[in-house]
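> All letters in the sequence shown, in the order written, are residues -12 to 91 by our numbering.
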Amino acid sequence: MKEFGRHVADLGAGYVLMTRGEKGQLFYDGKEFYTGAVHMVEAVDTMGAGDSFMTAFTMSLLQKGWTKEKAPTGEEIRESFETAADFSADNCLQEGSFGYKKCY
């Protein structure tokens, strides 16, 4: 995964965020990899878990002042991992997520 992250960054992405299910997440800032922890829950449905993680992670960094000119610090990245893991775990407790309930 790290090799892939470096490759994507080399193609021009300023930052690379990869979710890996139970293995946690990787964030690459072009210099260093950061690893996020998983918040394990008794999942009802994992649909949208990665999307909700990426959204919460990005919003958390933006609220901490991340801009094109100001890179996030290691501490901001770690705090955003925690925020996003909580949000994503909550998402997994809902059947279907985002309004797509299971039809019977």
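Glycine is no exception: its CB is placed at the ideal position from the N, C-alpha and C atoms.
For a test of the three-state rule: what should DSSP assign to L(-2), helix, strand or coil?
Note: L(-2) maps to coil in three-state DSSP.
> Taking contact to mean 3 or more Cβ pairs, one atom from each stretch, closer than 8 angstroms, check whether the segment 65 to 80 and the segment 19 to 27 are in contact.
Output reads yes: the segment 19 to 27 touches the segment 65 to 80.
> Taking only the alpha-carbon atoms, compute the straight-line gap between K51 and L80 and give it to the nearest angstrom.
About 27 angstroms.
> Sort out for me which residues DSSP pairs Q12 with in a bridge.
DSSP lists T6 and G23 as partners of Q12.
> Excluding five sequence neighbours on each side, which residues of the same chain lie with their C-beta closer than 7 angstroms to the C-beta of L48?
Hits under 7 angstroms: P59, E63 and S67.
> I need the straight-line Cα distance from E82 to M46, nearest angstrom please.
Using only the alpha carbons, I get a separation of about 24 angstroms.
> For E62, which three-state DSSP category applies?
Note: E62 maps to helix in three-state DSSP.
> For D38, report the span of its alpha helix (DSSP H) as first-last.
Where D38 is concerned, the enclosing alpha helix (DSSP H) stretches over A36 to Q50.
> How would you label F(-9), buried or exposed, when you count the other beta carbons within 10 angstroms and need 16 or more for buried?
Label assigned to F(-9): exposed.
> Identify, in the order they occur along the chain, each residue of the same chain with its Cβ nearer than 8 angstroms to the Cβ of K(-11), setting aside the five sequence neighbours on each side.
Cβ neighbours of K(-11) beyond the five flanking positions: L13, Y15 and F20.
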